[in-house]
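Take my numbering: the last position of the sequence shown gets the number 586, and nothing is skipped along the way.
Ideal placement from N, C-alpha and C gives every residue a C-beta, glycine not left out.
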Amino acid sequence: MAGLIPRHFIDDLLARTDIVDLIDSKVSLKKAGKNYQACCPFHSEKSPSFTVSRDKQFYHCFGCGAHGNAISFVMEYERLEFVDAIEELAALAGVEVEREQSTSPEQQRKQAQIHKQKQDDYQLMGNIARYYQHNLKHHADSKVVIAYLKDRGLSGEIVKRFGIGYAPDSWDGVIGQFGHNPQQCAQLVELGMAIQGDKSRPYDRFRGRVMFPITDKRGRVIGFGGRVLSDATPKYLNSPETRIYHKGQELYGLYEARKYAKDLQRLVVVEGYMDVVALAQHDIPYAVASLGTSTTVEQLQTLFRTVKEVICCYDGDRAGRDAAWRAMENALPLIRDGFSLKFVFLPDGEDPDTLVRKQGKQVFEQILDSAKPLSQFIFEHLLATVDGNSAEGKAALIDKFQPYLEKMPDSVLKDSIITELANKFGLGSEQQLKKLTKTTAKTVTPIKKDGKNKVTPVRLAIALLLEHPHLEGVLEDFSVLDSIELPGIEILRQLLHKCRANPQYTGAQLVESWRDSEIGPVLSRLLIWEHHIEKDAAEGVFIDTLDKILNTFVEQRTETLLQKARLGQLNPQEKQELQSLLNAQN
1 MAGLIPRHFI DDLLARTDIV DLIDSKVSLK KAGKNYQACC PFHSEKSPSF
51 TVSRDKQFYH CFGCGAHGNA ISFVMEYERL EFVDAIEELA ALAGVEVERE
101 QSTSPEQQRK QAQIHKQKQD DYQLMGNIAR YYQHNLKHHA DSKVVIAYLK
151 DRGLSGEIVK RFGIGYAPDS WDGVIGQFGH NPQQCAQLVE LGMAIQGDKS
201 RPYDRFRGRV MFPITDKRGR VIGFGGRVLS DATPKYLNSP ETRIYHKGQE
251 LYGLYEARKY AKDLQRLVVV EGYMDVVALA QHDIPYAVAS LGTSTTVEQL
301 QTLFRTVKEV ICCYDGDRAG RDAAWRAMEN ALPLIRDGFS LKFVFLPDGE
351 DPDTLVRKQG KQVFEQILDS AKPLSQFIFE HLLATVDGNS AEGKAALIDK
401 FQPYLEKMPD SVLKDSIITE LANKFGLGSE QQLKKLTKTT AKTVTPIKKD
451 GKNKVTPVRL AIALLLEHPH LEGVLEDFSV LDSIELPGIE ILRQLLHKCR
501 ANPQYTGAQL VESWRDSEIG PVLSRLLIWE HHIEKDAAEG VFIDTLDKIL
551 NTFVEQRTET LLQKARLGQL NPQEKQELQS LLNAQN
């Protein structure tokens, strides 16, 4: 149903879900003190470093750093996006996902209709996929179609894995099967399975084609691609955009890659359906296709949510390199430390389907292993447009790099590109260096990594509050912290207010409140911090920590005012403040 998922529903869902029971159903956990342990499901290891805390409702791997709450685990383990993970947890809890509704009864009715319509659409598209699969075995043309698939090197197991079927060379195959009344015919037209002709009755869009069902991230059929058996045109025919199918947001083969690829570490983006299927046939089950579009920002976001290494595999002609450049531009804002985008260009006349059939898995994976990193691809592309040996060309190169560097978040990759520009081509001037290295000021000051789990009063106060949210009650008036300026104090203030408004929250629920914000990672790190302060001692330590924060501020403020007094720069208000501070310390 349309509408956002309310915050209270997410909080209730986390409260209903015990993270130990959830993870234990996927990964065998063993009791280890007050926590539970297992070998990490997110990376290979021989001894367990994956810890789950029932008290904190949080997991953490000391090996690879993976951590989060129940929602995060489902997202990572099942490779689902946030909303899909919520729906998965809700199903396990036996509850319906709530959606924010308009106050208008009419809009609520429309939302309910849209929800029902989509469910009907998914069911119909699934039925059509099964109809095509049945035809592949039982239609009069089935021997010809099966022979074609065998000639392309496909086994029955792979055909079944991808749900490949056959659309008969008939004008009314789907219409005759599923269009029994005007409403059903209209639905088939709206879903792109039929075309409204000049006459009253529509006709099938796909005729005489091998059919590749396109599924969404949950495995629901949302569209089709059809490939002709002969030399007729167009060779491939694709579903149009519909209310359930938006090609710029989907990736063919992603659902199958998640389901069948063991320990999915990377994804290779290819151009066609047959490329994906042929690679899977040769035991390369981690290929996806971008459905006839240049790889979009939405598709890249999905790819990087699934794996940390993405390889774009294109033809080596001009069209392939242009497609690679567009993919690179779309990916730049998404590239962060630990993630990589690489490029492979195949020889003329080859595509992944033909190449893997000729040379096999080992050779093809060697090609993938030698893929160009993003930085090399950018350098080679831009260098080809200037004279890198002349001063003018070097200056032009730096100018050409500028818009692409601006798109990139701060990262090791960005720093390395700037360093390479400086070392190989010279920066031309100090002004250009500043331009290349400029950064945007953060709105929230994070706690700096000034030592491994270094104990600072603010950091300790946040960690204790995350583990024991009721401690907010020891401070009656939060305004005493308003004038304090220390690293992380703004996060502490926000957390105190959140705890006061929601005293029943767990640490996992508190962290969830700041998902996708700059505060979220800071809170996650501190929730998994083992500070070794027992529950019974937490309140006393928290009070002492707040006193240290206040005393630190008083000392800093006193020293600042004394320095101004020595220089004769105090105004009357500051003189009065200094006297009060000195009296309080005596």
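Whole-Å CB distance - Phe178 paired with Phe206, under 8 Å assumed: Incorrect: roughly 13 Å between the Cβ atoms, too far for contact.
Proximity below 8 Å, CB of Val145 to CB of Val210: yes
Tyr255: CB within 7 Å of a non-hydrogen atom of the ligand NAP: Ligands are entirely absent from the displayed structure, and the ligand NAP is therefore not among its contents.
Cβ-Cβ distance between Leu465 and Leu496 below 8 Å: yes
Segments of 3+ residues assigned as beta strand (DSSP E) that fall wholly inside the stretch 3-61: 30-32, 35-38, 50-53, 58-61
Buried or exposed by the 16-neighbour rule on C-beta atoms within 10 Å, applied to Ser390: exposed
Own chain, CB closer than 6 Å to Thr306, minus 5 neighbours either side, in chain order: Arg79
Contacting residues, own chain, Cβ-Cβ under 6 Å from Asp283 (five flanking each side not counted): Lys361
Short Cβ contact (8 Å threshold) for Val277 with Val288: no
Whole-number beta carbon distance between Lys56 and Ala537, since they are thought to touch under 8 Å: In fact, because the Cβ distance is near 17 Å, the residues do not count as touching under 8 Å.
Beta-carbon proximity list for Leu303, same chain, < 6 Å, skipping 5 on both sides: Leu267, Val310
Cutoff 6 Å; reference Ile10; Cβ partners in own chain excluding five residues on either side: none
DSSP state of Gly226 mapped onto helix, strand, coil: strand
Those residues which DSSP pairs with His138 across a bridge: Looking at the DSSP assignment, His138 forms no beta bridge with any residue, so it has no partner.
Nearest neighbour of Tyr203, chosen from Asp169, His134, Pro213, Arg220 [CA to CA]: Asp169
Simplified DSSP state of Met408, which is helix, strand or coil: coil
Anticipated Cβ contact below 8 Å, Ala331 with Leu341, distance rounded: 5 Å
Which residues DSSP lists as bridging Arg266, in chain order: Glu309
Supposed close pair Tyr36, Val52 - CB separation, criterion 8 Å: 4 Å
Extent of the continuous alpha helix (DSSP H) to which Gly176 belongs: 173-178
Beta-carbon gap between Cys61 and Phe50 smaller than 8 Å: yes
Rounded C-alpha distance that separates Phe58 from His43: 18 Å
From Arg152, Ser416, Pro333, Gln563, residue whose alpha carbon lies closest to that of Tyr404: Pro333
Per DSSP, cross-strand counterpart(s) of Asp315: Leu346
Counted within 10 angstroms of its Cβ, other Cβ atoms place Asp315 as buried (16 or more) or exposed: buried
Cβ neighbours of Leu481 in the same chain (closer than 6 Å, five flanking residues each side left out): Arg493
Burial state of Ala565 (16 or more Cβ within 10 Å): exposed
Straight-line Cα distance separating Ser411 from Lys442: Since pLDDT at Lys442 reaches only 35, below the 50 mark, its modelled position is unreliable, and the value read off the structure follows with that caveat. Roughly 15 Å between the two C-alpha positions.
Endpoints, the alpha helix (DSSP H) within which Tyr236 is located: No alpha helix (DSSP H) holds Tyr236; the beta strand (DSSP E) holding it covers 236-238.
Closest by C-alpha distance to Ile335, when choosing among Leu374, Asp317, Ala232, Arg357: Leu374
contact_flag[the stretch 225-235, the stretch 184-197] where n(CB pairs < 8 Å) is 3 or more: no
Those residues which DSSP pairs with Ile195 across a bridge: Tyr203
Reduced DSSP secondary structure (H/G/I, E/B, other) of Thr456: coil
Contact check, Leu29 vs Ala38, beta carbons under 8 Å: yes
Enclosing beta strand (DSSP E) for Tyr166 [first to last residue]: 165-167
Other residues of its chain near Gln133: CB distance less than 7 Å, five sequence neighbours each side excluded: Gly163, Gly165
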